[in-house]
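In the numbering used here, the protein residues as written are 1 to 319.
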Ligand SMILES: O=C(O)CCC(=O)C(=O)O
Ligand SMILES: [Fe+2]
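As structure tokens, then:
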């Protein structure tokens, strides 16, 4: 057996083991750092977790299913305030959204400003149920890496980018909060997630399937596998996830929706997709990336400096 084959097989095995243990597709070299940091945050935590009888139960669901939904009147009030302001600004003709072009046309439009600075009421949501739930999930303090706001408009175009089933591939300790600013229903393009075990089952088969899909594409299009471009590769993988999920995991798809302020907390590595509303529908959603911390969140710093996205994930878990 050639050495290179053995090497590849070994690293695939190690990566799969790291994925199971660390909830991350970063690979066996990088994934463990984020879990180690989470453990040190848990050791540093003193005091009681907030309302464990409510949020501990929800945290248990998050740990099992890789996502959990939450809603309360405080979240609804925050969502309503934010949405009213956005609608007012849009009516005044303000340019609030960066419209993507090229292959991601029809996908998410990102808010141009700094979400945390422009919507300070968000702090209320974190001082309330978001913070309580994050602390019960981490069994430690938490911090925020960035806050983004996206507008998705229903078009006749096919789903692209994160509207297709995917795994983000970031650190396993990241919890993403998706919060809708208005009432939603089945047609709103809400976030869909698969439970962790279903995602793992699919990841376990993915190498073999990937190879088949790639060689079929190469043969049909008369190109070498090595020459297939990145976007095509991503589309092929998304398509294969879609087919597999519709075939075998349809009944396990979770898609919470409801009143304004309805929110989902999810693991970025579990398979998910969202933001592809039906034609004539729109969806306004916050996407906030959270991580464990050794101390309570520095809200004063967030208020002063904002929380714009600077990278997909923190290179240092202790940021
Ligand atoms: O907009 C959505 O619902 C999907 C977002 C997503 O894929 C992500 O935040 O990682
Ligand atoms: Fe994603």
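No residue lacks a Cβ here, since even glycine has one placed at the ideal position from N, Cα and C.
Identify which residue in the options has its Cα closest to the Cα of residue i.
i: residue 315; options: 5, 32, 10 and 13; result: 32
i: residue 138; options: 303, 212, 296 and 83; result: 296
i: residue 249; options: 284, 51, 202 and 232; result: 202
i: residue 181; options: 76, 231, 215 and 204; result: 76
i: residue 179; options: 39, 69, 28 and 38; result: 69
i: residue 197; options: 8, 16, 5 and 56; result: 16
i: residue 156; options: 277, 173 and 237; result: 277
i: residue 90; options: 305, 310 and 111; result: 111
i: residue 341; options: 160, 272 and 283; result: The displayed coordinates of the chain run from 1 to 319. Any statement about residue 341 would go beyond what the structure contains.
i: residue 81; options: 53, 119, 24 and 44; result: 119
i: residue 210; options: 152, 37, 93 and 243; result: 243
i: residue 283; options: 269, 260 and 299; result: 260
i: residue 195; options: 72, 64 and 12; result: 64
i: residue 238; options: 281, 168 and 280; result: 168
i: residue 95; options: 84, 113 and 83; result: 113
Span of the beta strand (DSSP E) holding residue i?
i: residue 293; result: 282-293
i: residue 131; result: Counting along the chain, residue 131 falls outside any beta strand (DSSP E), though it belongs to the alpha helix (DSSP H) covering 131-138.
i: residue 150; result: 141-153
i: residue 177; result: 175-180
Pull up the CB-CB distance for residue i and residue j, whole angstroms please, since I reckon it's below 8 Å.
i: residue 79; j: residue 307; result: Between residue 307 and residue 79 the Cβ distance is about 18 Å, and since that is not below 8 Å, they are no contact.
i: residue 192; j: residue 254; result: 7 Å
i: residue 41; j: residue 292; result: 4 Å
i: residue 130; j: residue 289; result: In fact, because the Cβ distance is near 12 Å, the residues do not count as touching under 8 Å.
i: residue 266; j: residue 67; result: 4 Å
i: residue 92; j: residue 100; result: 24 Å between Cβ atoms; not a contact.
i: residue 172; j: residue 22; result: 4 Å
Where do the ends of the alpha helix (DSSP H) carrying residue i lie?
i: residue 67; result: Per DSSP, residue 67 belongs to no alpha helix (DSSP H); it is in the beta strand (DSSP E), 67-70.
i: residue 32; result: 31-44
i: residue 124; result: 122-125
i: residue 84; result: 73-91
i: residue 11; result: 3-22
Who are residue i's beta bridge partners in DSSP?
i: residue 111; result: 97
i: residue 166; result: 272
i: residue 193; result: 254 and 272
- Query: Residue ranges of each alpha helix (DSSP H) run of no fewer than 4 residues wholly in the segment 223-311, ordered along the chain?
  - Reply: 230-248 and 299-305
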